[in-house]
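Enquirer: Take this structure first; my questions come after.
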Amino acid sequence: MKAGKIDEYTLKARAFPAFITILPLALFLFPAIGMRSLWLGLAAPIGGTAIISFLLAQWGRDKGKLKEPKLFLLWGGKPTTIFLRHRNREENRIIRERRHRLLERLANGIVLPTVIAEAEDPIAADEAYEAATKVLIQRTRDKERFSLLFDELVSYGFRRNLWGLKPFGITILVIAFVLHLSAGMFLGIDRTTNFNFAVGDLVILLCWLVFVTPDWVYITAKAYSDRLFDALDQMVELDSNSRG
199 MKAGKIDEYT LKARAFPAFI TILPLALFLF PAIGMRSLWL GLAAPIGGTA
249 IISFLLAQWG RDKGKLKEPK LFLLWGGKPT TIFLRHRNRE ENRIIRERRH
299 RLLERLANGI VLPTVIAEAE DPIAADEAYE AATKVLIQRT RDKERFSLLF
349 DELVSYGFRR NLWGLKPFGI TILVIAFVLH LSAGMFLGID RTTNFNFAVG
399 DLVILLCWLV FVTPDWVYIT AKAYSDRLFD ALDQMVELDS NSRG
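Encoded structure:
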């Protein structure tokens with residue numbers, strides 16, 4: 199990411215989850231700090247945007263990536279790997295076998311395991327699937343040509359990183375709730391507004407607890423996997439044309 203510039207993936211999949219996480223606390227602190235300081239008011243539009251965007255993006259990505267292995271463990275593997283397994287009965291067998299053939303053509307030199315080979319050594323089979331999938335991922339980096347795939351990647355990154363930040367989000371909401379309730383009830387500071395914010399904190403907390411789950415993340419992970427393998431036909435066709 200270049201200084202002063204933040205790309206679409208970094209903004210939507212990394213910075214947005216972190217921003218959503220800290221927003222309840224910021225809503226309480228901003229009126230007390232932000233607008234009462236002339237220097238802060240001047241500094242915010244000048245250096246705040248780039249610096250805060252960068253820090254939020256790094257924080258959001260780190261928390262999501264660190265907890266991603268836990269997601270794969272809960273799901274039984276990476277969705278792309280799960281799809282390629284012969285023992286996976288949830289996917290269409292004919293489509294899967296066809297994509298095996300296309301993937302072997304694209305990932306020249308990588309031989310995907312047979313049904314027997316996978317049963318004998320499932321770990322080695324998964325390693326072969328992951329290696330071949332990595333080649334496909336590297337070949338589909340073009341955001342313009344594979345725009346649908348990129349959109350699904352952004353959606354997955356957003357949900358994964360938001361789920362990774364869930365403990366922080368819940369903690370911040372509890373703190374914000376206590377602050378808003380205290381300010382309105384005990385300190386008498388703009389009671390109606392603070393009570394409304396406190397109710398909002400509870401609603402957002404409920405959303406974190408109910409919606410931000412591994413299953414919620416899996417929906418986009420599966421969609422990304424589907425779009426990735428849909429790109430196989432296009433990639434093999436491009437390779438054939440270039441060789442011809």
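Each residue of the sequence shown is one higher than the one before, starting from 199 at the first, in our numbering. For each residue, glycine too, the CB sits at the ideal point set by N, CA and C.
1. Quick check on DSSP: helix, strand or coil for Ala-284?
2. With DSSP run on the structure shown, which of helix, strand or coil describes Arg-339?
3. Leaving out five residues before and five after Ala-366 in sequence, what residues of the same chain have Cβ atoms less than 6 Å from its Cβ?
4. Please classify Glu-325 as buried or exposed, where buried requires at least 16 other C-beta atoms within 10 Å of its C-beta.
5. When the Cα of Arg-283 is compared with those of Ala-323, Arg-425, Leu-264, which residue comes out closest?
6. Taking only three categories from DSSP, how would you classify Asn-359?
7. Hey, would you say Phe-172 sits closer than 8 Å to Asp-399, going by beta carbons?
8. Candidates Lys-364, Lys-420, Thr-391: which alpha carbon is nearest Leu-404's?
9. Can you tell me whether Phe-395 is buried or exposed? The criterion is at least 16 other CB atoms within 10 Å of its CB, across all chains shown.
10. Whole angstroms is fine: what's the gap from Arg-291's alpha carbon to Tyr-416's?
11. Taking DSSP as the reference, what is the three-state secondary structure of Phe-393?
12. Inspect the beta-carbon positions of Ile-402 and Leu-377 and report whether they are closer than 8 Å.
13. Does Thr-208 pass the burial test, meaning 16 or more other C-beta atoms within 10 Å, or should it be called exposed?
14. Quick check: Glu-266 and Arg-343, are their CB atoms within less than 8 Å of each other?
15. Would you kindly work out how many angstroms separate the C-alpha atoms of Gly-274 and Ala-329, rounded to a whole number?
16. Could you name the residues of the same chain whose beta carbon sits closer than 8 Å to that of Ala-421, not counting the 5 residues immediately before and after it, in chain order?
17. When you compare only the Cα positions, how much space is there between Ile-257 and Trp-361?
18. Could you name the residues of the same chain whose beta carbon sits closer than 6 Å to that of Phe-270, not counting the 5 residues immediately before and after it, in chain order?
19. Decide if Thr-278 is buried, meaning its Cβ has at least 16 other Cβ atoms within 10 Å, or exposed.
20. In the DSSP assignment, the alpha helix (DSSP H) including Glu-289 goes from what residue to what residue?
Expert: In terms of the structure at hand:
1. Before going on, a small fix: residue 284 reads as His here, not Ala. If DSSP states are grouped into helix, strand and coil, His-284 belongs with coil.
2. It is coil, neither helix nor strand.
3. In the sequence as displayed, the identity of residue 366 is Phe instead of Ala. Non-local beta-carbon contacts of Phe-366 in its own chain, meaning distances under 6 Å to residues more than five positions away in sequence, involve Thr-219 in chain order.
4. Counting other Cβ atoms within 10 Å of its Cβ, Glu-325 stays below 16 and is therefore classed as exposed.
5. That would be Ala-323, whose Cα lies nearest to the Cα of Arg-283.
6. In the structure shown, Asn-359 sits in a helix (DSSP, three-state: H, G or I).
7. Here the chain covers residues 199 to 442 and nothing more, so residue 172 does not appear.
8. For the residues Lys-364, Lys-420, Thr-391, the minimum Cα distance to Leu-404 belongs to Lys-364.
9. That one is buried.
10. Rounded to the nearest whole angstrom, the C-alpha separation of Arg-291 and Tyr-416 is 21 Å.
11. Reduced to three states, the DSSP call for Phe-393 is helix.
12. No, they are not a contact pair.
13. Note on Thr-208: 16 or more other CB atoms within 10 angstroms of its CB, so buried under the neighbour-count rule.
14. No, the Cβ-Cβ distance between Glu-266 and Arg-343 is not below 8 Å.
15. Straight through space, the alpha carbons of Ala-329 and Gly-274 are spaced by roughly 18 Å.
16. Glu-350, Ser-353, Tyr-354.
17. One detail in the question is off: residue 257 reads as Trp in this sequence, not Ile. So the alpha carbons of these two residues sit roughly 13 Å apart.
18. Only Lys-276 meet the Cβ criterion.
19. Under this definition Thr-278 is a buried residue.
20. Boundaries for Glu-289: no alpha helix (DSSP H) harbours it, and the DSSP string shows neither H nor E there.
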